[in-house]
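Respectively, the protein sequence lines represent chains A and B.
Start counting the first sequence at -7; every next residue gets the next number (our numbering).
Start counting the second sequence at -3; every next residue gets the next number (our numbering).
One structure is given here, and the rest of the page talks about it.
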Amino acid sequence: MSEAVGFFRPGAGWLHRLNPYPKLLLLVWGVLAPFVLPVVAIPFLIVGYLAAGLSAGLGRPYIRAALIAPLVVVLPIILINGFFYPGRNEVIFAIGPLALTVQGLVFGLPIAGRVLAAFGVTVAVVMSTRPDDLMETLVQRGTNPRLAFVVLSAIQAIPRMLDKAGRILEAQQARGLPASGSPSARVRAVVPLLGPLIIGSLIDVRERSLALEARGFSSGAARTAYRIVETTPRDVTVTRLALLALALLPIVAIARLTGALPG
Amino acid sequence: MERRGWFSMEQFNTPTLVLMALAIAINIAVGNTVQNVIKLPIYLDSIGTVLVGVLAGPLAGALTGVLANVIWGFTLGPTSIAPFAITAAFIGFLAGVIGNRGIFSPKRGGMGVVWVIVGGFLTGVVAAIVSAPIAYFVFGGTTGGGTDVLVTIFRGITDNVFTATLLQGGVSDPTDKTITFLVCWAILLAVPVTVKTIFPQGEKSV
């Protein structure tokens, strides 16, 4: 069975070459910044993140995952707030009983922007970072290797589990189970799916635990790493800059909360 | 038997760690299949979390919930679920505390089901209370799922966006978690005793 790569896409751009630790710090900053910085900064953050992703050679799959896929979340935010903002509002235009309101857009657009920005930076980091390299770096920095085992083994198990769920559903459909149609038919379709999938996994646990213990999983002896993640001088510089940028966020947050900074 | 604390590190034995990894995959595979293939307006993405909580303990359950929500984004592509890692932690922890009372044991018979329903409902109420501020501050109340319909309906009833968000959670979460607890109860009835007892808190469900 395959390696734990998840959503990672191979590449050779600057994001791929950056050490996972500074990349993780940049991710934390990138997700927090649209929520902490003033609203005017949001469009710049979105453009900046997209530019970063594209300059790292992530290409069309990046645009699809960072701009098109989040529309499922972003469009409802704009539409539901724009048309269904509670209270009396200034109407921009009305279609029958539906009215687009100023207050709704003022509330919805910044939220949509923040979510889009957070998606932009998360997709860029996730696509350019191998989960096993990320966990290896964290273990080097003191994370418990048992936690790394849980994360990586879960990432490996997910495609297998999804595949298994799909196959069980198809097998049950072949026996006459309706998996589409009325809501009650679809609820009934869940039961024959969950039983085989979950009970099988629970019974697997004992075998897998024994196999792990037979290979010294709990021995506590020093571990060797299969993949070596190097830290270059550039990584050290980026780490310092990222920590500095992270330290600035609470200052901006306090300035905005106390009214020293508008927006 | 010696009483183990809710925060005891003894929860994390090797079978627990293996179960946690599979539980995270179960959360994601079942959640994804139910929401996107069978297309039901419930989440069913915490079955694994509740199983770990019940079998291993509160802390293991909480950690499973957090990791599942974060790892979801790392494998199937980023979704709006990651901020709800905090809710997932509460769900796993409560499942551990409730499971420790032994309500998932087949010995309880008919009364066991009643307690499982009560436990699931209470966990859902807590999940709704924890989720509402997250859904409100991060997403303005709509998260791009089937539950957005409910948010829209509640906005017609109340004048306050936060109240509408809380009401949506108040309907969706207790329903979802009651179903989740019942599913876990049914699964645990079908699992052999020798499998349950390899987990730190497994004897409570025998």
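All residues carry an ideal CB built from backbone N, CA and C; glycine is no exception.
Do B:F70 and A:V107 have their beta-carbon atoms positioned less than 8 Å apart in this structure? Note that the C-beta distance between A:V107 and B:F70 is not below 8 Å.
Thinking C-beta only, is B:L13 closer than 8 Å to A:F99? no
Bridge partners - A:T93, DSSP secondary structure assignment: A:V83
Opening and closing residue of the alpha helix (DSSP H) in which B:S203 lies: Shown here, chain B extends from -3 to 202; a query on residue 203 of chain B therefore has no answer.
Compare the C-beta of A:P12 against all C-beta atoms of chain D and say whether one is closer than 8 Å. In the structure shown, chain D does not exist; the protein chains are A and B.
Option in B:E6, B:G116, B:R104 and B:I194 with minimal Cα separation from B:L178: B:G116
Runs of 3 residues minimum, wholly inside the stretch 161 to 248 of chain A: which ones carry the beta strand (DSSP E) assignment? none
Output yes or no for whether 8 Å exceeds the beta carbon distance between B:I87 and B:T143. Not in contact: B:I87 and B:T143 (Cβ atoms no closer than 8 Å).
Against chain B, does A:S145 count as a neighbour if the rule is that its beta carbon must be under 8 Å from one of theirs? So yes, A:S145 belongs to the interface.
Ordered along the chain, which non-local residues of its own chain (more than five positions away) have a Cβ less than 8 Å from that of A:V186? The residue you asked about is not Val; residue 186 of chain A is Leu in the sequence shown. Leaving aside the five residues that flank A:L186 on each side, none in its chain has a CB nearer than 8 Å to its CB.
Identify, in the order they occur along the chain, each residue of the same chain with its Cβ nearer than 6 Å to the Cβ of B:L63, setting aside the five sequence neighbours on each side. I20
Could you check whether the Cβ of A:P68 sits closer than 8 Å to any Cβ belonging to chain B? yes
Do we get a CB-CB distance below 8 Å when we pair B:M16 with the residues of chain A? yes
Confirm the yes/no value for this check: CB of B:T10, any heavy atom of the ligand HEM, distance under 7 Å. For the structure depicted, the ligand HEM is absent and the ligand set is empty, with no information on it obtainable.
Pick from A:G208, A:R200, A:L101 and A:A166: whose alpha carbon is nearest that of B:A17? A:R200
Strictly below 9 Å CB to CB, what residues from chain B border A:T93? Residues of chain B passing the Cβ test: none, with the nearest at roughly 12 Å.
B:T83 versus B:V66, B:I99 and B:R97, residue with shortest Cα-Cα distance: B:V66
A:A44, DSSP secondary structure in three states: helix
Host alpha helix (DSSP H) of B:L90 (start-end): A81 to G95
Under a Cβ-count criterion, where at least 16 other Cβ atoms within 10 Å of its own Cβ denotes burial, should A:W6 be classed as buried or exposed? exposed
Taking Cβ-Cβ distances shorter than 8 Å, what residues in chain A pair up with B:D144? P68 and I72
Between the alpha carbons of B:V191 and B:M107, how many angstroms are there, rounded? 24 Å
CA-CA distance, B:P54 and B:T159? 30 Å
Chain A within 8 Å of B:I194, Cβ atoms only: yes
If we cut at 8 Å on Cβ distances, does B:V48 have a partner in chain A? no
If you measure between the beta carbons of A:G105 and A:P30, is that distance less than 8 Å? Contact annotation: A:G105 and A:P30 have beta-carbon atoms that are not nearer than 8 Å.
A:Y13 and A:T231 closer than 8 Å at C-beta: Taking 8 Å as the Cβ cut-off, A:Y13 and A:T231 qualify as a contacting pair.
My output table needs one value for B:W111: the three-state DSSP class, helix, strand or coil. helix
Can you say whether A:D124 is buried or exposed, counting buried as having 16 or more other CB atoms within 10 angstroms of its CB? Under this definition A:D124 is a buried residue.
Grouping DSSP H, G and I as helix and E and B as strand, with all else coil, what is B:I190? Inspection of the sequence shows that residue 190 of chain B is occupied by Thr rather than by Ile. Correct three-state label for B:T190: helix.
Kindly confirm or deny that the stretch 155 to 163 of chain A and the stretch 173 to 188 of chain A touch, where touching means at least three C-beta pairs closer than 8 Å. yes
Determine the extent of the alpha helix (DSSP H) in which B:L63 is found, giving its start and end residues. P54 to T71
Taking all protein chains shown into account, decide if A:S176 is buried (16 or more other Cβ within 10 angstroms of its Cβ) or exposed. exposed
Would you report the Cα separation of B:T176 and A:F75, rounded to the nearest angstrom? Roughly 34 Å separates the two Cα atoms.
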